[in-house]
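A.B. asks: Below you will find the structure I want to go over with you.
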């Protein structure tokens with residue numbers, strides 16, 4: 349396909365996506381689900397960079413999510429800043445937090461890195477719940493609606509917020525795509541799959557990890573920023589394990605290093621929870637079990653499962669078609 | 034602040050922490066495995082004990098083994114599900130799987146036991162000991178004694194018995210152990226079952242000290258991390274002293290500074306340890 353045609357097609361699909369909730373009935377529930385899917389997908393893409401590309405597990409991404417939300421809430425309610433300024437604040441704070449955490453954990457690998465990031469998340473929850481400056485256990489209430497006066501936008505409902513959430517999602521998708529084609533993205537994969545080769549090629553694994561950490565934190569924080577406007581309040585529950593498990597499940601469910609993987613993963617989980625819920629506790633069991641089963645039995649995710657089913661079907665078909673296996677299958 | 038009282042609190046807390054962490058210590062030291070569902074297994078142990086005592090009306094001495102049995106079952110199932118990942122030593126996936134298991138346990142416990150807080154009362158937790166103006170309960174005494182006995186037996190088993198030798202060999206070199214005719218899978222399953230039993234025992238002994246909730250377990254995880262880091266990975270004796278040190282630190286920090294931030298303070302101690310001697314920690318077995 350010609351590049352121009354391809355681009356036109358992508359733009360057309362992206363534009364059509366804006367009307368997806370309207371086509372699906374356009375009810376309040378559909379718009380709420382759509383906004384949450386977009387926000388949580390952006391949240392998951394931040395983690396996706398670390399898990400899928402770098403091959404490590406950061407359990408501190410709920411902290412970046414919460415930093416984004418708290419930054420929006422504090423700056424909007426206490427200083428009366430608008431969404432653009434609060435987004436800037438959220439990104440700066442997330443980068444600073446990621447830099448501190450990244451430097452401290454620079455020399456830690458694999459599970460020690462995860463252990464420290466998990467500890468950060470747990471400690472952040474106790475701090476957020478106890479520190480009066482952040483609203484303590486009550487959290488912060490009364491975040492004004494998302495308003496962009498120059499565009500004449502004032503989002504009182506999820507339907508009005510949807511274009512913003514969708515825009516954020518598209519920007520994130522573009523960023524992920526650009527990241528995977530960038531030098532940094534290539535370096536990450538090499539560090540992940542062949543650290544020795546990476547070192548020989550002049551790539552510093554520690555530096556690469558730190559850079560990706562600094563890039564991924566603001567992505568997740570941006571999701572938190574919009575979530576604060578969507579909910580109009582923030583509290584320590586943003587640091588609950590739910591968001592962490594949701595992120596991890598969406599990243600691994602469909603398949604790693606697929607651009608739309610986390611988005612589809614989040615959508616599947618949210619649709620189940622919003623429209624086919626079995627009650628909060630059973631939903632927890634379902635979400636946790638999906639995570640366990642995918643990692644333990646479907647290393648390639650749903651796409652990997654699909655591929656092996658197709659391969660299995662083809663092999664069956666071939667063995668029925670002719671008793672003599674052809675050269676290609678023998679070679680396989 | 035009463036110095037002697039805080040000292041007693043610290044010693045009791047310290048033994049509690051050492052006992053809470055011991056499952057992880059063995060898991061890491063012997064099998065080079067991790068379990069992020071540790072806190073939720075602690076929660077489950079506490080609730081099984083509570084259910085057996087206050088709902089089934091059975092004696093505490095029956096409830097403790099019941100909780101340990103539940104711990105063994107959960108540990109076994111968990112390891113059974115992720116056995117392939119363990120054999121591949123895929124630590125990244127193991128971490129996420131254990132986290133997922135913790136989440137499932139959390140949901141299942143809330144479904145079965147309800148989400149309201151409960152008080153786990155044992156015959157011993159109601160018996161106070163007053164000694165001048167110092168105070169503790171017989172539950173505290175039982176906890177300290179049980180922890181000491183547990184550590185002595187464990188140290189002996191790992192260092193001097195056939196079971197301990199097998200486990201250590203698997204930890205050193207799984208393929209070689211396999212060649213030597215050791216059933217590696219069995220060892221992994223056994224170690225995880227042990228982890229479940231140990232944390233359930235800790236829960237049955239420690240949980241009566243505070244109200245229990247199905248959402249708890251996070252403080253216990255931080256405690257475990259700190260003890261494992263301070264004590265040196267896989268060192269049984271090290272984790273005993275690390276637990277004790279952390280207990281004393283927590284007691285005095287809670288009394289002098291703020292009880293709300295003890296977890297955060299313990300975490301800062303751990304970070305300081307990691308930054309000050311990262312080489313020592315990073316070079317330890319299991320942190321590959």
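Residue numbers (the numbering used here), protein chains in the order written: chain A, 349 to 680; chain B, 34 to 321. Positions of the beta carbon are idealized from the N, C-alpha and C atoms, including for glycine. The structure presented is a predicted model; accordingly, all values stated were derived computationally and were not measured.
1) For the alpha helix (DSSP H) containing residue 612 of chain A, list its first residue and its last residue.
2) Please list, in chain order, the chain B residues whose beta carbon lies closer than 9 angstroms to that of residue 589 of chain A.
3) In whole angstroms, what separates the C-alpha of residue 557 of chain A from that of residue 532 of chain A?
4) Give a yes or no on whether 8 angstroms exceeds the smallest Cβ distance from residue 542 of chain A to chain B.
5) The alpha helix (DSSP H) that contains residue 544 of chain A, what's its start and end?
6) Output, in chain order, the set of chain B residues within a Cβ distance shorter than 7 angstroms of residue 406 of chain A.
7) What span of residues does the beta strand (DSSP E) with residue 502 of chain A cover, start to end?
8) Could you list which residues in chain B have their beta carbon closer than 8 angstroms to that of residue 593 of chain A, in chain order?
9) With which residues is residue 164 of chain B paired in a DSSP beta bridge?
10) From the DSSP output, in three-state form, read off residue 395 of chain A for me.
11) Residue 313 of chain B by DSSP, collapsed to three states: which one?
12) Relative to chain C, which residues along the segment 49-69 of chain B have a C-beta separation below 7 angstroms, given in chain order?
13) Can you tell me whether residue 535 of chain A is buried or exposed, with buried defined as 16 or more other CB within 10 angstroms of its CB?
14) Under 8 angstroms between the Cβ atoms of residue 255 of chain B and residue 62 of chain B?
15) Report the neighbours of residue 466 of chain A on chain B: residues whose CB is nearer than 7 angstroms to its CB, in chain order.
16) Under 8 angstroms Cβ-Cβ, which residues of chain B neighbour residue 637 of chain A?
17) Taking buried to mean at least 16 other C-beta atoms within 10 Å of its own C-beta, is residue 216 of chain B buried or exposed?
18) Distance cutoff 8 angstroms, beta carbons only. Does residue 644 of chain A sit that close to anything in chain B?
19) Looking only at its chain, what residues have a beta carbon closer than 6 angstroms to the beta carbon of residue 396 of chain A, apart from the 5 residues adjacent to it on each side?
20) Show which residues of chain B have a CB atom less than 7 angstroms away from the CB atom of residue 732 of chain A.
21) Between residue 328 of chain B and chain A, is any beta-carbon pair separated by less than 8 angstroms?
22) Quick check: is the beta carbon of residue 459 of chain A nearer than 8 angstroms to any beta carbon in chain B?
23) Look at the Cβ atom of residue 153 of chain B, then the Cβ atom of residue 98 of chain B, and state whether they are nearer than 8 angstroms.
24) Taking DSSP as the reference, what is the three-state secondary structure of residue 626 of chain A?
25) Please report the Cβ distance between residue 133 of chain B and residue 636 of chain A, rounded to the nearest whole angstrom; I am assuming they are in contact, meaning their Cβ atoms lie under 8 angstroms.
26) Tell whether a beta-carbon distance below 8 angstroms holds between residue 129 of chain B and residue 639 of chain A.
27) Hey, out of A/413, A/381, A/503, A/552, whose CA is closest to residue 595 of chain A's CA?
28) Per the DSSP calculation, residue 488 of chain A is bridged to which residue(s)?
29) Mind listing which residues of the segment 608-629 of chain A have their C-beta closer than 9 angstroms to chain B's C-betas, in chain order?
30) Taking 6 angstroms as the limit between beta carbons, can you name the residues of its chain near residue 43 of chain B, skipping five residues before and five after?
31) Please confirm whether residue 656 of chain A has its beta-carbon closer than 8 angstroms to some beta-carbon of chain B.
32) Measuring CB atoms only, is the segment 426-441 of chain A touching the segment 373-388 of chain A, in the sense that at least three cross pairs come out at less than 8 angstroms?
33) Mind checking whether residue 359 of chain A and residue 516 of chain A have CB atoms under 8 angstroms apart?
34) Return helix, strand or coil for residue 551 of chain A, following the three-state DSSP convention.
35) Among A/461, A/662, A/570, which has the Cα closest to the Cα of residue 304 of chain B?
36) With DSSP run on the structure shown, which of helix, strand or coil describes residue 520 of chain A?
C.D. replies: In brief:
1) From DSSP, the alpha helix (DSSP H) with residue 612 of chain A extends over 609-623.
2) Correct list: 132, 135, 136, 139, 251.
3) Spanning the alpha carbons of residue 557 of chain A and residue 532 of chain A requires a straight line of approximately 10 angstroms.
4) Not flagged as an interface residue toward chain B: residue 542 of chain A, since no C-beta distance is shorter than 8 angstroms.
5) Element bounds for residue 544 of chain A: 543-548.
6) Near residue 406 of chain A there are no residues of chain B at all, since even the closest Cβ is about 11 angstroms away, more than 7 angstroms.
7) From DSSP, the beta strand (DSSP E) with residue 502 of chain A extends over 501-503.
8) Listed along the chain, the chain B residues whose CB falls inside 8 angstroms of the CB of residue 593 of chain A are 132, 133, 136.
9) Answer by DSSP bridge pairing, in chain order: B/167.
10) Reduced to three states, the DSSP call for residue 395 of chain A is helix.
11) In this predicted model, residue 313 of chain B has a pLDDT of only 42, less than 50, meaning its place in the structure is not dependable; the value taken from the coordinates is given anyway. In this structure, DSSP gives residue 313 of chain B a helical state, which the three-state scheme calls helix.
12) Among the protein chains of the structure shown, namely A and B, there is no chain C.
13) Label assigned to residue 535 of chain A: buried.
14) The answer is no: Cβ separation not under 8 angstroms.
15) Simply 69.
16) By Cβ distance, chain B contributes 133, 137.
17) Classification of residue 216 of chain B: exposed, given that the 10 Å Cβ count is below 16.
18) Cβ-Cβ to chain B under 8 angstroms: yes for residue 644 of chain A.
19) For residue 396 of chain A, where only same-chain residues beyond five positions count, the Cβ hits under 6 angstroms are 599, 610.
20) For chain A, the structure presents residues 349 to 680; residue 732 of chain A sits outside this window and is missing.
21) The requested residue 328 of chain B is not part of the displayed model; chain B covers only 34 to 321.
22) It does; some Cβ of chain B falls within 8 angstroms.
23) Contact: no.
24) In this structure, residue 626 of chain A counts as coil in the three-state DSSP scheme.
25) In this structure, residue 133 of chain B and residue 636 of chain A form a Cβ contact; the two beta carbons are roughly 5 angstroms apart against a cut-off of 8 angstroms.
26) Residue 129 of chain B is a Cβ neighbour of residue 639 of chain A, given a cutoff of 8 angstroms.
27) Taking only the C-alpha atoms, the option nearest residue 595 of chain A is A/413.
28) According to DSSP, residue 488 of chain A bridges with A/582.
29) Close to chain B, meaning a Cβ-Cβ distance shorter than 9 angstroms, are the following residues of the segment 608-629 of chain A: 627, 628, 629.
30) Around residue 43 of chain B: 280, 281, 284.
31) Cβ-Cβ to chain B under 8 angstroms: no for residue 656 of chain A.
32) Here the segment 426-441 of chain A does not lie against the segment 373-388 of chain A, with fewer than 3 beta-carbon pairs under 8 angstroms apart.
33) In this structure, residue 516 of chain A does not lie closer than 8 angstroms to residue 359 of chain A by Cβ.
34) Under the three-state reduction of DSSP, residue 551 of chain A is assigned to coil, being neither helix nor strand.
35) Minimum Cα-Cα distance from residue 304 of chain B among the listed residues A/461, A/662, A/570 corresponds to A/461.
36) Helix at residue 520 of chain A.
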